[in-house]
Amino acid sequence: MSYLDDFLHRHPEIENVELVLVDPGGITRGKWAPVSTLKKAFGDGVNFPLSLHGLDVWGNEVEETGLHISSGDLDGFCIAVPHTLCAVPWGAGSTDDFAASAADKAKTAQLLLQTLTPDRKPFENCARTVLQRAVARLTDKGLTPVCAFELEFHLLRTDGLSTGQFEVASFDETPQAQFMYGLDALAEKSGVFADIRKAANWADLPVDTIVKEAGPGQYEINLNHRDDALRAADDVILLRRIVKECARMHGYAATFMAKPFADQPGNGKHVHASQLDQTGTNIFSGDGENGEGDARLRHEVAGLLATMSEMALVFVNTHNGFRRMAPGSYAPTRVNWGPNNRSVSVRLPAAPDIAKRIEHRVSGADANPYLVLAAILLAIDEGLDRAVEPMPELTGNAYDDATPNRGDSLPTTQAAAADLLSHSAVSYTH
């Protein structure tokens, strides 16, 4: 409650709060409430139906989850994730000219919630709870996960178009001119990105670089590493909210859909991961090329590769997402790995010894970050336990049939991925 009291003291202008929950598909849902509701959220909790965690990406009830009317559609208690409380420049009563406004003009706050059962125990269907349990597997070994996300998205134009129609919102509207890393393309959207940085600063998000990507109207925002895996996943949810709402304030629509245009590159979510030991040292570093640190890294890679196909539905959670997994698209299509290679599924970025890490490149930008990171950390834990060597690393183009060590194909459809997951014998995925 002291966290809440300090926030309200610094923001007496706040009148409303946007309460945010995340469903299994990674979609943010919730409601607007008066600011007085924050005391409930930081106390006993705010009531929401548990069935919110049993919706598909369209917001429709999935009866097979057993969370809907068949069980009485029970309420749970949803409690505050304190560090996510922040003022936002949108919502009821917020200023319409954020670009020219000061923070004290905002009237709305935003808060992420985590769901508990009616008897206030962790709710297993809450994705944040799933990630907490995955993190605990590593902390029990004396390891602290260090994680960061990279998010790709499109900015789309809606003005002058019919309802439900979208076009890329950039001068680089032809596939023949990608303007990759183009500074002019960033300058064209400088107002949007300035507001994104300002709102991210309010939310204490570690936004790093903003990049023009390969597709027309496509961009990427990178987040800095955190030694708190839960907070790193929270960052993704908050950043996606910020990007969408700041784009809306400038007359655009932002989408993190994995494949919004059939003939253009899709949007990925790359996850960087390493671990610190109890002395705060990166467990991959300090042991030389053939030392224990490199062995740990290879063992973790082996764990990731061994479970990648079974977990594909977590990383690519929609029918649309599998359209992104196309040869030559910078989206991986096979189970493989290699150093400094963007055509593989698990990349080892070029980095100094202290910053050695794994980059997992399979996920679509719209996937649930808590479940994605949980699957990665559990596979890492499995790799450390098994301590086996991965398949040989891939050198060259993973999309070329002639390249050695390409690995098995990842599932290409949602149905195939669901079948692999349903027949998985990996106990730690439950």
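One point on numbering: in our numbering, the residue at position 372 of the sequence shown is 1200, and numbering is uninterrupted.
Glycine included, each C-beta is placed from N, C-alpha and C at the ideal position.
Just so it is clear, the structure is predicted and the values come from calculations on it, not from any experiment.
Over what stretch of residues does the beta strand (DSSP E) that includes residue i continue unbroken?
{"i": "Asn-953", "result": "It is not in any beta strand (DSSP E) - Asn-953 carries neither H nor E in the DSSP assignment."}
{"i": "Ile-907", "result": "903 to 908"}
{"i": "Thr-893", "result": "Per DSSP, Thr-893 belongs to no beta strand (DSSP E) and is neither H nor E."}
{"i": "Lys-868", "result": "Taken as a continuous stretch (DSSP letters only), Lys-868 belongs to no beta strand (DSSP E), being part of the alpha helix (DSSP H) at 865 to 869."}
{"i": "Lys-1267", "result": "Absent from the model: residue 1267. The displayed extent of the chain is 829 to 1258, so no value can be given."}
{"i": "Val-1035", "result": "1035 to 1040"}
{"i": "Tyr-1009", "result": "Where Tyr-1009 is concerned, there is no enclosing beta strand (DSSP E), given that its DSSP letter is neither H nor E."}
{"i": "Ala-1081", "result": "1080 to 1083"}
Is it the case that the Cβ atoms of residue i and residue j are separated by a distance below 8 Å?
{"i": "Asp-1228", "j": "Arg-1162", "result": "no"}
{"i": "Gly-970", "j": "Thr-943", "result": "no"}
{"i": "Val-1144", "j": "Ser-1191", "result": "yes"}
{"i": "Arg-1214", "j": "Gly-1079", "result": "no"}
{"i": "Arg-956", "j": "Leu-1058", "result": "yes"}
{"i": "Arg-1152", "j": "Ala-1159", "result": "yes"}
{"i": "Asn-875", "j": "Glu-978", "result": "no"}
{"i": "Leu-1222", "j": "Gly-1166", "result": "yes"}
{"i": "His-896", "j": "Asp-851", "result": "no"}
{"i": "Ile-1070", "j": "Ala-1028", "result": "yes"}
{"i": "Asn-1052", "j": "Ala-1101", "result": "no"}
{"i": "Phe-1098", "j": "His-1188", "result": "One detail in the question is off: residue 1098 reads as His in this sequence, not Phe. Cβ distance < 8 Å, so His-1098 and His-1188 count as in contact."}
{"i": "Leu-1125", "j": "Leu-966", "result": "no"}
{"i": "Asp-1055", "j": "Pro-1034", "result": "no"}
{"i": "Ser-1137", "j": "Pro-1218", "result": "no"}
{"i": "Ala-869", "j": "Ala-908", "result": "yes"}
{"i": "Leu-1133", "j": "Val-958", "result": "no"}
{"i": "Ala-1061", "j": "Leu-1201", "result": "yes"}
{"i": "Arg-1234", "j": "Ala-1226", "result": "yes"}
{"i": "Ile-842", "j": "Lys-935", "result": "yes"}
{"i": "Leu-939", "j": "Val-845", "result": "yes"}
Going by Cα to Cα distance, which pick from the options is closest to residue i?
{"i": "Arg-1076", "options": "His-896, Thr-986 and Pro-1232", "result": "Thr-986"}
{"i": "Gly-853", "options": "Thr-936, Ala-1086, Met-829 and His-1127", "result": "Ala-1086"}
{"i": "Ser-1018", "options": "Arg-1234, Val-1039 and Ala-1031", "result": "Val-1039"}
{"i": "Asp-1012", "options": "Pro-1044, Arg-961 and Val-1200", "result": "Pro-1044"}
{"i": "Phe-835", "options": "Leu-849, Pro-910, Trp-860 and Leu-883", "result": "Pro-910"}
{"i": "Asp-1091", "options": "Gln-1006, Phe-1112 and Lys-935", "result": "Gln-1006"}
{"i": "Gly-871", "options": "Ala-1154, Ser-830, Ala-962 and Asn-844", "result": "Ser-830"}
{"i": "Ala-1193", "options": "Met-1139, Gln-1103, Ala-1243 and Thr-1083", "result": "Thr-1083"}
{"i": "Ala-1207", "options": "Gly-1121, Ala-1243, Pro-973 and Gln-938", "result": "Pro-973"}
{"i": "Ala-1243", "options": "Thr-1146, Asn-1164, Val-1172 and Ala-1179", "result": "Thr-1146"}
{"i": "Lys-1184", "options": "Phe-1089, Asp-1122, Glu-980 and Lys-1072", "result": "Asp-1122"}
{"i": "Leu-1104", "options": "Asp-968, Asn-1148 and Arg-1025", "result": "Asp-968"}
{"i": "Ile-1186", "options": "Ala-1134, Phe-1112 and Asn-1196", "result": "Phe-1112"}
{"i": "Asn-1095", "options": "Ala-1060, Phe-981 and Ala-937", "result": "Phe-981"}
{"i": "Thr-1241", "options": "Ala-1081, Leu-1141 and Glu-1210", "result": "Leu-1141"}
{"i": "Leu-984", "options": "Val-1172, Val-863 and Phe-1089", "result": "Phe-1089"}
{"i": "Gly-919", "options": "Gln-1106, Lys-859, Pro-840 and Asn-1168", "result": "Lys-859"}
{"i": "Pro-1197", "options": "Ser-864, Glu-841, Val-845 and Ala-962", "result": "Ala-962"}
{"i": "Pro-946", "options": "Gln-938, Leu-939, Leu-940 and Leu-902", "result": "Leu-902"}
{"i": "Pro-917", "options": "Pro-1177, Val-1174, Thr-1107 and Ala-1031", "result": "Ala-1031"}
{"i": "Ile-855", "options": "Leu-832, Val-863, Trp-886 and Pro-1093", "result": "Trp-886"}
{"i": "Glu-1210", "options": "Pro-950, Thr-1135, Glu-1073 and Glu-1120", "result": "Thr-1135"}
{"i": "Pro-840", "options": "Pro-1180, Ser-864 and Leu-849", "result": "Ser-864"}
{"i": "Ala-1203", "options": "Val-1174, Thr-1107, Pro-862 and Met-1139", "result": "Met-1139"}
{"i": "Leu-847", "options": "Ala-861, Arg-838 and His-837", "result": "Ala-861"}
{"i": "Thr-893", "options": "Leu-913, Leu-832, Glu-952 and Val-1172", "result": "Glu-952"}
DSSP puts residue i in a beta bridge; with which residues?
{"i": "Ser-1102", "result": "Val-974"}
{"i": "Gln-938", "result": "Glu-846 and Cys-914"}
{"i": "Ser-1237", "result": "Arg-1162"}
{"i": "Val-874", "result": "Cys-906"}
{"i": "Arg-1054", "result": "Cys-975"}
{"i": "Asn-1110", "result": "Leu-1104"}
{"i": "Glu-1048", "result": "Glu-980 and Val-1039"}
{"i": "Thr-945", "result": "DSSP, once it has assigned bridges, lists no residue as partnering Thr-945."}
{"i": "Leu-883", "result": "Glu-889"}
{"i": "Lys-1097", "result": "Leu-979"}
In the DSSP assignment, find the unbroken alpha helix (DSSP H) run with residue i in it and report its ends.
{"i": "Asn-1029", "result": "1018 to 1030"}
{"i": "Glu-1073", "result": "1057 to 1077"}
{"i": "Glu-1120", "result": "1120 to 1135"}
{"i": "Val-1144", "result": "Where Val-1144 is concerned, there is no enclosing alpha helix (DSSP H), given that its DSSP letter is neither H nor E."}
{"i": "Gln-1242", "result": "1242 to 1250"}
{"i": "Leu-836", "result": "830 to 838"}
Flag residue i as yes when its Cβ comes closer than 7 Å to any non-hydrogen atom of the ligand MN, and as no otherwise.
{"i": "Trp-918", "result": "Annotation note on the ligand MN: not contained in the displayed structure, which lists no ligands."}
Problem - Every unbroken alpha helix (DSSP H) within the stretch 1150 to 1227, with a cutoff of 4 residues, ordered by chain - result: Counting only runs of 4 or more, we get 1197 to 1214.
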